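Let me begin by presenting the structure, written as structure tokens, before commenting on it.
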Amino acid sequence: MSTLIATPQEQRALLEVQELDAQIARAKTRLASLRADEEYAAARAEAKHLAAQLAEAEQAREDADRDALAAADTASATRARRDRTRSRLQEGQVSPKDLEGLVHEEATLEALLEQHDAAALAAMQEADAATAAVAETTQRLETARRTVSDRAEHLRAEGAEVTKVGRRLAAERAQTATGVPQPVLARYEKIRDRNAGLGVGTLMGSHSGPAGTDLSPVELERLRALPENVLAECPVTGVLLVRL
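Counting from 1, one number per residue, gives the positions in the sequence shown under UniProt numbering.
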């Protein structure tokens with residue numbers, strides 16, 4: 001592998017490029033996390049669920065209203081029959097033969113009316129409960145949709161800010177990279193691609209930043225023997241080393 005030549009100033013510029021690349025990578029990661037925001041996804045799922053619940057509640061209310069109207073009509077019809085029978089009895093213009101039948105009919109209709117009134121009341125209560133359920137679900141859905149909207153606005157604002165920072169970092173990176181020899185930059189980028197974003201680090205004393213450990217005396221002696229303008233490589237990770 002060819003020797004990489006870079007002045008101390010160019011080596012420091014390479015470290016700056018590495019730091020900028022790390023910041024750009026963090027910005028990209030943040031943008032990705034914003035796009036996959038779990039809180040936003042959960043809020044949308046809740047709103048969708050409540051919308052389905054509201055549709056069911058509205059259908060239930062429609063059915064309950066129809067049943068209540070039918071029950072009220074049935075009770076009204078029974079009451080009208082009872083009233084007609086009662087009027088005939090009160091008028092007294094009934095033959096003895098028909099009197100017993102009318103008395104029995106009135107009693108039967110009175111009992112039936114009691115049942116129909118009870119059914120109408122129950123149906124009306126069901127309709128009221130269905131209406132209340134629609135109102136409650138509507139309120140919950142509106143709250144959920146506001147949550148979705150608020151979270152979306154927050155994500156858009158943060159995403160715009162992260163994008164703005166990312167563009168500034170990219171411009172700064174491009175400018176800083178002009179201070180690094182092209183062969184050095186190309187090697188750095190190749191190493192960085194295969195080392196999870198790390199292409200260059202520092203050697204401070206005996207400690208290799210990329211490796212996170214102290215190098216052996218033999219390796220240290222070999223690296224220290226290199227000319228100042230020659231970029232070293234970490235014997236553990238293969239990452240470029242700037243000796244400080």
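Built from N, CA and C at the ideal position, the CB exists for glycine as well. All values reported here derive from a predicted model rather than from experimental measurement.
Can you check whether the CB of residue j is closer than 8 Å to the CB of residue i?
i	j	result
L240	L226	no
V134	A57	yes
T202	G212	no
L169	Q23	yes
M204	L244	yes
T137	Q53	yes
V148	A47	yes
A75	A120	yes
L215	P183	no
If distances are taken between C-alpha atoms only, which option among the options comes closest to residue i?
i	options	result
R66	R187, R30, A122	A122
L20	R243, G197, R88	G197
A60	S149, A72, G166, A132	A132
L102	R82, Q115, A120, A119	R82
D150	Q23, R44, A177, L69	R44
A55	E233, R187, L141	L141
A6	A177, G199, G159, P181	P181
Y40	N195, R146, E106, S206	R146
Q125	L69, A177, T29	L69
S206	R192, R224, A107	R224
Identify every residue that forms a DSSP beta bridge with residue i.
i	result
I5	V230
H116	H116 pairs with nothing; no bridge assigned.
H207	M204, D214
My guess is that residue i and residue j are in contact by the Cβ rule of under 8 Å, so how many angstroms apart are they, rounded?
i	j	result
L112	T85	Not confirmed; about 11 Å, so no contact.
Q11	V242	5 Å
T78	H116	5 Å
G166	L34	Wrong, their Cβ atoms sit about 12 Å apart, outside the cutoff.
P8	E233	In fact, because the Cβ distance is near 17 Å, the residues do not count as touching under 8 Å.
Between residue i and chain C, is any beta-carbon pair separated by less than 8 Å?
i	result
A186	Among the protein chains of the structure shown there is no chain C, as only one such chain exists.
* Write down every uninterrupted run of the alpha helix (DSSP H) in the segment 169 to 204 whose length is 4 residues or greater and which is fully enclosed by it, in chain order. => For the segment 169 to 204, whole alpha helix (DSSP H) runs of length 4 or above, ordered along the chain, are 182 to 194.
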